[in-house]
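Participant: Numbering (the numbering used here), first residue to last: 109 to 282. Glycine included, C-beta positions come from ideal geometry on N, C-alpha and C. Just so you know, these numbers come straight off a predicted model, no measurement behind them.
#1: How far does the beta strand (DSSP E) with residue 147 in it extend, from its first residue to its last?
#2: For residue 239, which residues does DSSP report across the bridge?
#3: Provide the residue(s) that pair with residue 157 in DSSP beta bridges, ordered along the chain.
#4: Does DSSP put residue 171 in a helix, in a strand, or in coil?
#5: What is the DSSP secondary structure of residue 141, counted as helix, strand or coil?
#6: Tell me whether residue 132 is buried or exposed, calling it buried when 16 or more other Cβ atoms sit within 10 Å of its Cβ.
#7: Any idea what DSSP makes of residue 222, helix, strand or coil?
#8: Buried or exposed for residue 120, please, with buried defined as at least 16 other CB atoms from any protein chain shown within 10 angstroms of its CB.
#9: Have a look at residue 200 and residue 113 and give me their C-alpha separation to the nearest angstrom.
#10: With DSSP as the reference, label residue 253 as helix, strand or coil.
#11: According to DSSP, which residues form a beta bridge with residue 286?
#12: How is residue 200 classed by DSSP in three states: helix, strand or coil?
#13: Is the CB-CB distance between residue 287 and residue 185 below 8 angstroms?
#14: Helix, strand or coil for residue 177, going by three-state DSSP, please let me know.
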């Protein structure tokens, strides 16, 4: 039974990884967005915009040198290994799937940074000039959704306590 739960997590990780790499290929290949900030408007509130992300979230830990690039790869790989170990130990299907989303996203971004030296970001959600998010990709979205699911489940979902067995009556011989 436990092995089948793990399959959901690894399936989610594989699906995120493949979708992430496919969308990055479409943006940089057939659509030809390869110059920083080149964009195509998809909807009034959504553009595909090519961004070379050399850092992590919010521009932290920018990899301005090869050493920093590989340190980010190493750090992200360590996090991915930790998530994988957690996923292998987790028993709750919802948490396993959420961890799979995080793992797949981390692997997609690790491959980009290893192969290209940066992570390809392209999803630009905006309302006029207001951009509530940085430009992101499928991997980033999956990581965010996975973490939010884990947090919500930790805060809102309570395990059902198994019913306590009825107390055993002790009979005394008088």
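Facilitator: According to the structure data:
#1: Position 39 of the chain shown, counted from the start, is the residue given in the question as residue 147. Where residue 147 is concerned, the enclosing beta strand (DSSP E) stretches over 147-151.
#2: The residue labelled residue 239 in the question sits at position 131 within the chain shown. Partner(s): none; residue 239 has no beta bridge.
#3: Within the chain shown, the letter at position 49 stands for residue 157. Paired residue(s): 147.
#4: Position 63 of the chain shown, counted from the start, is the residue given in the question as residue 171. In this structure, residue 171 counts as coil in the three-state DSSP scheme.
#5: The residue given as residue 141 occupies position 33 in the chain shown. DSSP places residue 141 in coil when its eight states are reduced to three.
#6: Translated into the one-based positions of the chain shown, residue 132 becomes position 24. A residue is called buried once 16 or more other Cβ atoms fall within 10 Å of its Cβ, and residue 132 is buried on that count.
#7: Here residue 222 refers to the residue found at position 114 when the chain shown is read from its first residue. In this structure, DSSP gives residue 222 a helical state, which the three-state scheme calls helix.
#8: Here residue 120 corresponds to residue number 12 of the chain shown, with the count starting at 1. Residue 120 should be labelled buried.
#9: As a working mapping, residue 200 is identified with position 92 in the chain shown. As a working mapping, residue 113 is identified with position 5 in the chain shown. If you draw a straight line from the Cα of residue 200 to the Cα of residue 113, it is about 8 angstroms long.
#10: Your numbering for residue 253 matches position 145 in the chain shown. In the three-state reduction of the DSSP assignment, residue 253 falls in the helix class.
#11: It is not possible to answer for residue 286, since the shown part of the chain is limited to 109 through 282.
#12: Numbered from 1 along the chain shown, position 92 holds the residue referred to as residue 200. DSSP places residue 200 in coil when its eight states are reduced to three.
#13: Nothing in the structure corresponds to residue 287, since the chain is present only between 109 and 282.
#14: Numbered from its first residue, the chain shown carries residue 177 at position 69. Residue 177 falls in the helix class under three-state DSSP.
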